[in-house]
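Trainee: Heads up, the numbering used here is the position in the sequence shown plus 55, with the first residue counted as 1. Got a structure for you, questions after.
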Amino acid sequence: MPAHQLAPDIADDPDRPGRSGHPDESGPGVAADGADAAVVLDAERRHLAVSRAALRAMREHAQSLSSDAAGDWVSQQVLQALLDQRVAALADHSGTPLFFGRLDRTGGDDLPGTIHVGRRHVHDERSRPLVIDWRAPVSRAFYQATPADPMGVELRRRFGYHGGDLTAYEDEPLTGGGTLAQSRILTDEIERPRSGPMRDIVATIQPDQDEIVRSDLGGTVCVQGAPGTGKTAVGLHRAAYLLFTHREKLARSGVMIVGPNRAFLAYISSVLPALGEVKVDQTTVAGILGEYAAPEDPAVGTIKGDARMAPVLRRALWAHVVKPAEGLLFTKGVNRYRVADREVREIVASLRGTTRYGPGRAALAQRLAHTVLVRMEQRGESPDDRVQDAVARSKPVKQLVDAVWPKLTPQQVLHRLFSDPDFLAAAAKDDLTADEQALLLWAKPAKSYRSAKWSAADGALMDELADLIERTPVLGHLVVDEAQDLSAMQLRALGRRCRTGSATVLGDLAQGTTPWSARSWTEVLTHLGFESGAVTELTLGFRVPREVLDYAARLLPDVAPGLAAPRSLRPGAGSLTVRRVPDLAASLPEAVREVLAREGSIGVIVPDASVAAVSASLTGLDHRVLGPDSVEEHRLLVVPASLAKGLEYDHVIVTEPADIVDAEPRGLARLYVVLTRAVTSLTVLHTRDLPARLR
Numbered sequence: 056m057p058a059h060q061l062a063p064d065i066a067d068d069p070d071r072p073g074r075s076g077h078p079d080e081s082g083p084g085v086a087a088d089g090a091d092a093a094v095v096l097d098a099e100r101r102h103l104a105v106s107r108a109a110l111r112a113m114r115e116h117a118q119s120l121s122s123d124a125a126g127d128w129v130s131q132q133v134l135q136a137l138l139d140q141r142v143a144a145l146a147d148h149s150g151t152p153l154f155f156g157r158l159d160r161t162g163g164d165d166l167p168g169t170i171h172v173g174r175r176h177v178h179d180e181r182s183r184p185l186v187i188d189w190r191a192p193v194s195r196a197f198y199q200a201t202p203a204d205p206m207g208v209e210l211r212r213r214f215g216y217h218g219g220d221l222t223a224y225e226d227e228p229l230t231g232g233g234t235l236a237q238s239r240i241l242t243d244e245i246e247r248p249r250s251g252p253m254r255d256i257v258a259t260i261q262p263d264q265d266e267i268v269r270s271d272l273g274g275t276v277c278v279q280g281a282p283g284t285g286k287t288a289v290g291l292h293r294a295a296y297l298l299f300t301h302r303e304k305l306a307r308s309g310v311m312i313v314g315p316n317r318a319f320l321a322y323i324s325s326v327l328p329a330l331g332e333v334k335v336d337q338t339t340v341a342g343i344l345g346e347y348a349a350p351e352d353p354a355v356g357t358i359k360g361d362a363r364m365a366p367v368l369r370r371a372l373w374a375h376v377v378k379p380a381e382g383l384l385f386t387k388g389v390n391r392y393r394v395a396d397r398e399v400r401e402i403v404a405s406l407r408g409t410t411r412y413g414p415g416r417a418a419l420a421q422r423l424a425h426t427v428l429v430r431m432e433q434r435g436e437s438p439d440d441r442v443q444d445a446v447a448r449s450k451p452v453k454q455l456v457d458a459v460w461p462k463l464t465p466q467q468v469l470h471r472l473f474s475d476p477d478f479l480a481a482a483a484k485d486d487l488t489a490d491e492q493a494l495l496l497w498a499k500p501a502k503s504y505r506s507a508k509w510s511a512a513d514g515a516l517m518d519e520l521a522d523l524i525e526r527t528p529v530l531g532h533l534v535v536d537e538a539q540d541l542s543a544m545q546l547r548a549l550g551r552r553c554r555t556g557s558a559t560v561l562g563d564l565a566q567g568t569t570p571w572s573a574r575s576w577t578e579v580l581t582h583l584g585f586e587s588g589a590v591t592e593l594t595l596g597f598r599v600p601r602e603v604l605d606y607a608a609r610l611l612p613d614v615a616p617g618l619a620a621p622r623s624l625r626p627g628a629g630s631l632t633v634r635r636v637p638d639l640a641a642s643l644p645e646a647v648r649e650v651l652a653r654e655g656s657i658g659v660i661v662p663d664a665s666v667a668a669v670s671a672s673l674t675g676l677d678h679r680v681l682g683p684d685s686v687e688e689h690r691l692l693v694v695p696a697s698l699a700k701g702l703e704y705d706h707v708i709v710t711e712p713a714d715i716v717d718a719e720p721r722g723l724a725r726l727y728v729v730l731t732r733a734v735t736s737l738t739v740l741h742t743r744d745l746p747a748r749l750r
């Protein structure tokens, strides 16, 4: 279909973002000469100006509201926070227009015959809709309608834009049958060079992606997504859709995005705010389980991450509950009340295993106190609940409870488990072999749990113990990205925070780079506790050029032989350069200068051990080194291979693939990740022989 250009100064620039074709292009769209196209575009620009003014008025109205109407200080603070969120959600982002599409509908309902689809709802002073939120049910047709199923739409219009201004439009008739040609505006927007954080894809969501985005809140959706298929964006847009559709429910229970590292979170940080969602927690697994970073042998970490540790921890915790050696004697004035040791044992036995450890300890104190009250009543007294609470807090009861059911922290249990061979053996039973137990034991135990140095794998174990002691609070919805890299114990920790089963699980089995990476999504969903979750596979890529993706896919038979090879809609002829060089330090600056002359972001992805040397070789070229917690934006970045996952750059230069492979047990998977970060060009520089599959 033809794409109609406005503004000759934009149309004449072939490299300007938003360019989608010329008015005289042939195709199955609506014919229009240049003058007619200019009239249409001028009218749409006027509607955009009116919509912007209306949004500004909506924001000013929200700013004028006061929390003083609330009855007390706490209510005022809550109301003010809600008003602040509303004001932030109504911000107008100048880099994008308020709408990106239009639907001309056949009618039959109370909605206007023509609606503009955009990132948020905008209405005028009489509450007439000027822009309909892309998440509204009526907007679904913008993503799903076809000539075979027009969904009540006669014409779909897509807009090209640049810097917040409309630059072109493209009409797609949806009546009369036929097929739709590939949208030039859609293709140009997908391929447009980008810099800075990840952008939303709300204007380019594909039908299969839209089905995932609009999945029901009550279930778990697992997305196996090849590189460039937009799985991360789909997960973020699903979160935005659910917040729109179930606003009140999720406002109470919360939505959380869990990513692999803080650099990744910085990369995706602007997506949800651009869609009007400003109150979504974004964190890492370490942010949830604790920032523990003591070095650890991967073999030890693998055992600690195994699901078999769950019953070991349960037995280790409950082993601290012991049989009472004596009964209870409670004295009040001249009266003495006894609870025999046999009765205490019966109370402990009735509670053990029927409650969490912490509530069980509190219940034991209350049950002992209740037994004392029975003794008082047998003597003709009339004690009430206040007396029972006083007895439960009394010294004799506290001493007995501490002796039989001691107060514990997860760190105390774990310290004992890794310090005491006999205790570990009793807790492990047949779940861990003798060799595995030997690996878990500390060679030189810390003097106490307070001085112990904990690893990242220990964080998941402590979280498991914490949930056995006190119930973990539950979220309304959880989005987990790069889930294939999480251990079973980490997955259990995330799953218990979303016991409702409302989750979006994202990842790619081929990109699993940890020693404990999952081999199937059934395994991941089982550890999360979402066995009934539906697995959807996205194999059609929109971002990574076909030439680059096909090159990286040569590694799949070794990395993930069960997965279908990904496909790309973008041919990308000339996007791949593989060059053997005699000296990387001398050749790299030249390669960087070549891509600096082109538009877009640049990532120089290198083996972790080479970061300092590569950065030194780029002296004189303005660049930054990406760290695990980096939030700074910069056009030219040196990226350690271990941090590349989930990120993308217009131009990627990869140095010494063989060193990346040799650096870790799952090195080929790491290289597959690295080779699929480019969305315009990939340059591979090497002095060593490439892995066999890439020769």
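Glycine is no exception: its CB is placed at the ideal position from the N, C-alpha and C atoms.
Give me the Cβ distance between L291 and V326, rounded to the nearest whole Å; I'm assuming they're in contact under 8 Å.
Mentor: Going by Cβ atoms, the distance from L291 to V326 rounds to 5 Å, so yes, they are a contact pair.
Trainee: Tell me the DSSP bridge mates of Y216?
Mentor: Looking at the DSSP assignment, Y216 forms a beta bridge with L221.
Trainee: Distance, Cα to Cα, S119 vs H301?
Mentor: Distance between the alpha carbons of S119 and H301: 27 Å.
Trainee: Is it buried or exposed, A108, if we count other Cβ atoms within 10 angstroms and call 16 or more buried?
Mentor: Under this definition A108 is an exposed residue.
Trainee: Once the 5 residues before and after Q545 are set aside, which same chain residues still bring their CB inside 6 Å of it?
Mentor: Counting only Cβ-Cβ distances below 6 Å, and skipping sequence neighbours, we find V340 and A515.
Trainee: Rank T569, G562, E586 and S510 by C-alpha distance to the C-alpha of R547 and give the top, closest one.
Mentor: Closest by alpha carbon: E586.
Trainee: Between the Cα of R114 and the Cα atoms of T151, L103 and Q140, which residue gives the shortest distance?
Mentor: When only C-alpha atoms are compared, the closest one is Q140.
Trainee: Taking only runs that begin and end inside the region 320-368, name each unbroken alpha helix (DSSP H) of 4 or more residues, in chain order.
Mentor: As far as the region 320-368 is concerned, its whole alpha helix (DSSP H) runs of at least 4 residues are 326-329, 340-344 and 353-360.
Trainee: By DSSP, does T577 sit in helix, in strand, or in coil?
Mentor: Looking at T577 - three-state DSSP - the assignment turns out to be helix.
Trainee: What residue from E432, R441, R181 and R505 has the CA that sits closest to Q467's CA?
Mentor: The candidate whose alpha carbon is nearest that of Q467 is R505.
Trainee: Suppose you measure from the CA of V446 to the CA of W128; what does that come to, to the nearest Å?
Mentor: Straight-line Cα distance between these residues: approximately 37 Å.
Trainee: Taking C-beta to C-beta, are A558 and L564 nearer than 8 Å?
Mentor: Result no, Cβ atoms of A558 and L564 do not sit closer than 8 Å.
Trainee: Mind reading off the beta-carbon distance from L455 to P379? Whole number of angstroms is fine, and I expect it under 8 Å.
Mentor: L455 to P379, Cβ: 7 Å. Contact.
Trainee: Ordered along the chain, which non-local residues of its own chain (more than five positions away) have a Cβ less than 7 Å from that of R755?
Mentor: The chain is shown from 56 up to 750; residue 755 falls before or after that span and cannot be answered.
Trainee: Taking just the CA atoms, how far does V367 sit from E436?
Mentor: Computed Cα separation, rounded: 47 Å.
Trainee: When every heavy atom of the ligand COA is checked, does at least one fall within less than 7 Å of the C-beta of P350?
Mentor: Of the ligands one can find in the structure shown there are none, so the ligand COA has no counterpart to examine.
Trainee: With DSSP as the reference, label F155 as helix, strand or coil.
Mentor: Reduced to three states, the DSSP call for F155 is strand.
Trainee: Of the choices F154, S685, A306 and K502, whose alpha-carbon is the least far from that of V257?
Mentor: The shortest Cα separation from V257 among F154, S685, A306 and K502 belongs to F154.
Trainee: Applying the 10 Å Cβ sphere with the 16-neighbour rule, what's the burial state of E244?
Mentor: E244 should be labelled buried.
Trainee: For K700, list the residues DSSP reports as bridge partners.
Mentor: Looking at the DSSP assignment, K700 forms no beta bridge with any residue, so it has no partner.
Trainee: Which residues in the same chain have their Cβ closer than 8 Å to the Cβ of G722, if we skip the five residues on either side of it in sequence?
Mentor: Closer than 8 Å at the Cβ level, and outside the excluded window around G722, lie I715 and V716.
Trainee: Leaving out the 5 sequence neighbours to the left and right, which residues in its chain are closer than 7 Å to E525 when beta-carbon positions are compared?
Mentor: The answer, listed in chain order, is R411 and G413.
Trainee: Could you check whether A354 and L523 sit closer than 8 Å to each other, using their CB atoms as the reference points?
Mentor: No, the pair does not count as a contact, with Cβ atoms beyond the cut-off.
Trainee: Reducing DSSP to helix, strand and coil, say where M517 ends up.
Mentor: Three-state result, M517: helix.
Trainee: Is it the case that the Cβ atoms of A281 and L681 are separated by a distance below 8 Å?
Mentor: Not a contact, by the Cβ cut-off of 8 Å.
Trainee: Taking the C-alpha atoms as reference points, what is the distance between R369 and A615?
Mentor: Distance between the alpha carbons of R369 and A615: 34 Å.
Trainee: Measuring alpha carbon to alpha carbon, tell me which residue in M253, A733, Y347 and L611 is nearest A321.
Mentor: Measuring from the Cα of A321, the nearest candidate turns out to be M253.
Trainee: Within the same chain, show all residues whose beta-carbon is closer than 7 Å to that of D485, passing over the 5 residues directly before and after it, in chain order.
Mentor: Counting only Cβ-Cβ distances below 7 Å, and skipping sequence neighbours, we find nothing.
Trainee: Taking the straight line between their C-alpha atoms, what separation do you get for R157 and S238?
Mentor: Cα-Cα distance, rounded: 15 Å.
Trainee: Please tell me whether H706 and R634 are closer than 8 Å, where the distance is taken between their beta carbons.
Mentor: It is not a contact, given that the beta carbons lie outside the stated cut-off.
Trainee: Once DSSP output is grouped into helix, strand and coil, what is the label at K286?
Mentor: K286: helix per DSSP, three-state reduction.
Trainee: In or out: D518 buried (at least 16 other Cβ within 10 Å) or exposed?
Mentor: Classification for D518: buried.
Trainee: When you compare only the Cα positions, how much space is there between D79 and H741?
Mentor: Low confidence applies to D79: its pLDDT is 31, below 50, so where it sits in the model is not reliable, and the reading given next is rough at best. One C-alpha to the other measures close to 47 Å.
Trainee: Please report how far the alpha carbon of A512 lies from the alpha carbon of G360, in whole angstroms.
Mentor: Rounded to whole angstroms, A512 to G360 spans 6 Å at the Cα level.
Trainee: So, under 8 Å CB-CB, V508 and A349 are touching, yes? Tell me the CB distance rounded to an integer number of Å.
Mentor: Inspection of the sequence shows that residue 508 is occupied by Lys rather than by Val. Confirmed, about 4 Å.
Trainee: Please determine if the region 621-631 and the region 660-679 are in contact, where contact requires at least 3 C-beta pairs separated by less than 8 Å.
Mentor: The answer is no - the region 660-679 does not touch the region 621-631, with fewer than three Cβ pairs under 8 Å.
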